[in-house]
Amino acid sequence: MLKRILAISGRPGLYRLVNHGKNSLIVESLIDGKRFPAFNHEKVMSLGDIAIYTSDGGETPLADVLEGLKGIENGAVIDIKTLEKEGALRDEIAKALPNYDDERVKNSDIKKLFAWYNCLIAAGVEKFKDAEVAEDQAADAAEAADETPAE
């Protein structure tokens, strides 16, 4: 699921990849459902390719962190403003990812992560990891079928 969800630099919210156009991607906003092209000059990142730095020098995929947040919040949205006022942003992410790298993960990164989580929950996305694995397996199977020579 997260492979088809995109973050576009300079645009708020998240977008679902709908199709490929000539020199662009056709995306649909998860917030209001409006479709528009995202052009090659825009920085587009798939949420499936994003990871959070950990203190052991590695990275944890975003899907794992989102699943952790969902478990902690019981599928409810996160009140980012309250956490920010209370200075509890880092405490909240530490619940979902205890070994995140406190030096390399900035408060702005945490707020963006929470905003993405809230956007996904509001859009009805309930599974971050299981759907991703099944989608990857289906894509691999389709690729293998395309590579099989016709008899």
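Everything in the sequence shown is counted per the numbering used here, starting at 65 for the first residue and increasing by one. Where is the CB? At the ideal position from N, CA and C, for every residue including glycine.
For residue i, which three-state DSSP category applies?
{"i": "residue 89", "result": "strand"}
{"i": "residue 154", "result": "helix"}
Would you kindly work out how many angstroms separate the C-alpha atoms of residue i and residue j, rounded to a whole number?
{"i": "residue 108", "j": "residue 170", "result": "21 angstroms"}
{"i": "residue 162", "j": "residue 94", "result": "29 angstroms"}
{"i": "residue 123", "j": "residue 168", "result": "11 angstroms"}
{"i": "residue 164", "j": "residue 84", "result": "35 angstroms"}
{"i": "residue 178", "j": "residue 81", "result": "21 angstroms"}
{"i": "residue 128", "j": "residue 87", "result": "32 angstroms"}
Mind checking residue i: buried by the 16 CB within 10 Å criterion, or exposed?
{"i": "residue 134", "result": "buried"}
{"i": "residue 69", "result": "buried"}
{"i": "residue 156", "result": "buried"}
{"i": "residue 140", "result": "exposed"}
Could you round the C-beta distance between residue i and residue j to whole angstroms and report it? I think they count as a contact, below 8 angstroms.
{"i": "residue 144", "j": "residue 175", "result": "6 angstroms"}
{"i": "residue 166", "j": "residue 154", "result": "7 angstroms"}
{"i": "residue 67", "j": "residue 97", "result": "Actually they do not touch by this definition, with Cβ atoms about 20 angstroms apart."}
For residue i, which residues in the same chain have their Cβ closer than 8 angstroms to its Cβ, ignoring the five residues on either side in sequence?
{"i": "residue 215", "result": "For residue 215, the predicted model reports a pLDDT of 46, less than 50, meaning its position is unreliable; a value from the coordinates is still stated below. If we look at residue 215 and ignore the five residues flanking it on each side, it has no Cβ neighbours."}
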